[in-house]
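Encoded as structure tokens, the structure appears first; notes follow it.
Numbering (the numbering used here), first residue to last: 505 to 990.
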């Protein structure tokens, strides 16, 4: 990661999107502990009392009045908008924002005094191919600060925006909007951006993709982002429900590591690998890319080659090595309870997770039987791996020491479903790979019948712990990981 801005200059700006002056005053005070600046979105506020707002500002402010034709909410005339911005200058606002091309800009520049003028360009459809041309056009207006915000349709849009910020010759704000643009919001200040925008909380965003300021501070630890920070991330689609970014960033902080873990919403592996792929020190791979990523790697370890899928990548001096820690996620929780050599394991499912589990279990000497709703799929996989197969409804409880569920049955929102009837659950260990909800109907039924049970969160923690060890050389405290996730 090549940032060029010191940690002391990283600033978080929280937009105030209240619809009346009193609520705006309340939100300003609530935002103050998290913000370095506040953006007062006067286009959101009906009849704003600007003198009162500025007299009570707890931080420097940006005054922004975005008209409806620019995706804002201001329904007044240009003359009314100009009057409000002139008043902001008179009252000593630190910044005002003007959209590129507004004819009133020269007037505001002539009276600005100590107020700095941000000239902004917004594109809510895409990130244009030539960002530098937009930068030059804004800079030519004499803007004190150049602001470019564009919508990210691909993950590489973030890197183009970050490269623009790094090359800027004046204060610059560069943001990619939308979920795919979250990477730019987190990294922009470290690449030299004047600030980044973060919301006061859910429902208080002023643009798509804004991350809560509390998350920026406490999870991403933005104030510590600096030159030499190693980047890691989750590559997949979807990624928004993953809790890995919370887990790994908390672990990095706990062990004093200069590392950061981000979500990369990626539907095009070629685009990701051509932009961020070799800039990251390592990354996690989730669906649908566990097989797709393999041709991009320089080598794969023995377990991932057997499984035929990757969930972990290490960048060792520019060489990308693929690994699979899903196997550890299955085996480690079981080995805490029992030896696997010779154990009769019934494995439910025949997808990628089931394949990883089967390879790991067979590698430990277990006698595996794969059961699946589509019997032909289980039979084909079992033949390849050297185990037996059958239909999902053919579970033989008397021939099962360990039951492992690698299907999605029982996962939220279908929490009332179970892959196995309660009457078939007895005298066995039951391991459910589903971890949302934390306790599934399968596990409840098994526990009620006297079975030992293993919740899916143990699988998640075990595979994540192995990822962390591969990236850092540190075996993390599993109880700490459980505490973080709880």
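Quick reminder that beta carbons are idealized off the backbone N, C-alpha and C, glycines included.
Note that the structure is a prediction, hence the values are computed from the model and not measured.
Environment of residue i [buried if 16+ CB atoms lie within 10 Å]
{"i": "residue 839", "result": "exposed"}
{"i": "residue 965", "result": "buried"}
{"i": "residue 516", "result": "buried"}
{"i": "residue 512", "result": "With a pLDDT of 43 at residue 512, under the threshold of 50, the modelled position of this residue cannot be trusted; read the value that follows with caution. Looking at its Cβ environment, which holds fewer than 16 other Cβ atoms inside 10 Å, residue 512 is exposed."}
{"i": "residue 731", "result": "exposed"}
{"i": "residue 860", "result": "buried"}
{"i": "residue 712", "result": "exposed"}
{"i": "residue 505", "result": "Residue confidence for residue 505 is low, a pLDDT of 44 falling below 50, so the modelled location carries little weight and cannot support an answer."}
{"i": "residue 904", "result": "buried"}
{"i": "residue 495", "result": "Residue 495 lies beyond the residue range present for the chain, which begins at 505 and ends at 990; the question has no answer from this structure."}
{"i": "residue 783", "result": "exposed"}
{"i": "residue 909", "result": "buried"}
{"i": "residue 766", "result": "buried"}
{"i": "residue 923", "result": "buried"}
{"i": "residue 745", "result": "exposed"}
{"i": "residue 673", "result": "exposed"}
{"i": "residue 639", "result": "buried"}
{"i": "residue 610", "result": "exposed"}
{"i": "residue 978", "result": "exposed"}
{"i": "residue 637", "result": "exposed"}
{"i": "residue 893", "result": "buried"}
{"i": "residue 983", "result": "exposed"}
{"i": "residue 689", "result": "buried"}
{"i": "residue 918", "result": "exposed"}
{"i": "residue 902", "result": "exposed"}
{"i": "residue 949", "result": "buried"}
{"i": "residue 717", "result": "buried"}
{"i": "residue 808", "result": "buried"}
Residues bridged to residue i (per DSSP)
{"i": "residue 876", "result": "895"}
{"i": "residue 649", "result": "622"}
{"i": "residue 517", "result": "541, 701"}
{"i": "residue 654", "result": "627, 680"}
{"i": "residue 906", "result": "849, 933"}
{"i": "residue 670", "result": "DSSP, once it has assigned bridges, lists no residue as partnering residue 670."}
{"i": "residue 765", "result": "736"}
{"i": "residue 871", "result": "848"}
Check whether residue i and residue j have beta carbons under 8 Å apart
{"i": "residue 815", "j": "residue 825", "result": "no"}
{"i": "residue 792", "j": "residue 963", "result": "no"}
{"i": "residue 723", "j": "residue 679", "result": "no"}
{"i": "residue 542", "j": "residue 535", "result": "yes"}
{"i": "residue 817", "j": "residue 789", "result": "yes"}
{"i": "residue 522", "j": "residue 549", "result": "yes"}
{"i": "residue 552", "j": "residue 546", "result": "yes"}
{"i": "residue 992", "j": "residue 972", "result": "Outside the shown range of the chain, which is 505 to 990, sits residue 992, and nothing can be said about it."}
{"i": "residue 450", "j": "residue 617", "result": "Because the chain spans 505 through 990 in this model, residue 450 falls outside it and cannot be assessed."}
{"i": "residue 662", "j": "residue 656", "result": "yes"}
{"i": "residue 740", "j": "residue 719", "result": "no"}
{"i": "residue 600", "j": "residue 586", "result": "no"}
{"i": "residue 525", "j": "residue 556", "result": "yes"}
{"i": "residue 660", "j": "residue 778", "result": "yes"}
{"i": "residue 664", "j": "residue 691", "result": "no"}
{"i": "residue 519", "j": "residue 703", "result": "yes"}
{"i": "residue 956", "j": "residue 848", "result": "no"}
{"i": "residue 862", "j": "residue 889", "result": "yes"}
{"i": "residue 930", "j": "residue 898", "result": "no"}
{"i": "residue 752", "j": "residue 785", "result": "no"}
{"i": "residue 681", "j": "residue 654", "result": "yes"}
{"i": "residue 650", "j": "residue 643", "result": "yes"}
{"i": "residue 865", "j": "residue 852", "result": "no"}
{"i": "residue 574", "j": "residue 626", "result": "yes"}
Whole-angstrom C-beta distance between residue j and residue i, which should lie under 8 Å
{"i": "residue 876", "j": "residue 907", "result": "Going by Cβ atoms, the distance from residue 876 to residue 907 rounds to 14 Å, so no, they are not a contact pair."}
{"i": "residue 879", "j": "residue 891", "result": "About 14 Å; that fails the 8 Å criterion."}
{"i": "residue 677", "j": "residue 698", "result": "5 Å"}
{"i": "residue 648", "j": "residue 615", "result": "Their Cβ separation, rounded to whole angstroms, is 14 Å, which puts residue 648 and residue 615 out of contact at 8 Å."}
{"i": "residue 554", "j": "residue 595", "result": "7 Å"}
{"i": "residue 726", "j": "residue 514", "result": "6 Å"}
{"i": "residue 532", "j": "residue 564", "result": "Contact doesn't hold; Cβ gap of about 12 Å is too wide."}
{"i": "residue 738", "j": "residue 768", "result": "7 Å"}
Min CB distance residue i to chain B below 8 Å
{"i": "residue 560", "result": "Of the chains in the structure shown, none is chain B; there is only one protein chain."}
Heavy atom of the ligand FAD within 7 Å of residue i beta-carbon
{"i": "residue 611", "result": "Annotation note on the ligand FAD: not contained in the displayed structure, which lists no ligands."}
Curious, which full-length beta strand (DSSP E) runs of at least 3 residues does the region 781-865 contain? Segments of the beta strand (DSSP E) lying fully in the region 781-865: 786-789, 816-820, 823-827, 848-852.
Alpha helix (DSSP H) runs contained entirely in the region 559-619, provided each spans 4 or more residues: Uninterrupted alpha helix (DSSP H) stretches at least 4 residues long and entirely within the region 559-619 occur at 582-594, 609-615, given in chain order.
Can you list, in chain order, the stretches of the beta strand (DSSP E) that have 3 or more residues and sit fully within the region 709-755? Segments of the beta strand (DSSP E) lying fully in the region 709-755: 734-740.
Just list the beta strand (DSSP E) runs in the region 913-988, keeping only unbroken ones of 3 residues or longer that don't cross its boundaries, in chain order. Complete beta strand (DSSP E) runs here, min 3: 933-936, 956-958.
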